[in-house]
Amino acid sequence: MKAFIEDYRFGNIVIQGKAYNSDVKIIDGVVKPNWWRKEGHRLYPEDIADILESGCKTLIVGTGAYGVMKVDPSVKQACSERGIKLEAYKTAEAVKRFNELIAQGEKVAGAFHLTC
Numbered sequence: 141m142k143a144f145i146e147d148y149r150f151g152n153i154v155i156q157g158k159a160y161n162s163d164v165k166i167i168d169g170v171v172k173p174n175w176w177r178k179e180g181h182r183l184y185p186e187d188i189a190d191i192l193e194s195g196c197k198t199l200i201v202g203t204g205a206y207g208v209m210k211v212d213p214s215v216k217q218a219c220s221e222r223g224i225k226l227e228a229y230k231t232a233e234a235v236k237r238f239n240e241l242i243a244q245g246e247k248v249a250g251a252f253h254l255t256c
């Protein structure tokens, strides 16, 4: 079976045959390209409001190639309140974990910062 996210390299991600060169979210298997955050290198609940309301069980956050994007504690709180397991990794590792959970049939959402 082909991986849902086929490739990730600094600034580029390939999802089901389509390349993206800006940050993306994946909700219910649908790619939401050109994802912008209130503050570029910090993640807040309002940046992922659609994910928080999606009914996912797990949220995988890719914090960038070098892990520069930080997850604000308020995101952890918002996920906890909704029963969403939050996992944050450098983006290459986040992609691997996202693919693992998709392959297991998990209801997972992803938010991936592609650069720093």
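Under my numbering, the first residue of the sequence shown is numbered 141, with each subsequent residue one higher.
Here a beta-carbon is modelled for each residue, glycine too, at the ideal position from N, C-alpha and C.
For clarity, every value in this text was computed on a predicted model and none was experimentally measured.
| Item | Value |
| --- | --- |
| Contacts around alanine 159, its chain only, beta-carbon distance under 7 angstroms, and the 5 residues preceding and following it disregarded | Asn152 |
| Uninterrupted alpha helix (DSSP H) stretches inside the segment 159-212 (no shorter than 4 residues) | 189-192 |
| Residue range of the alpha helix (DSSP H) that includes arginine 237 | 231-243 |
| Burial state of lysine 165, where buried means 16 or more other Cβ atoms lie within 10 Å | buried |
| Cβ-based neighbour list, glutamate 186, same chain, cut-off 8 angstroms, excluding 5 preceding and 5 following | Lys178 |
| Beta bridge counterpart(s) of glycine 250 as assigned by DSSP | Ile166, Ile200 |
| Residues bridged to lysine 225 (per DSSP) | Thr198 |
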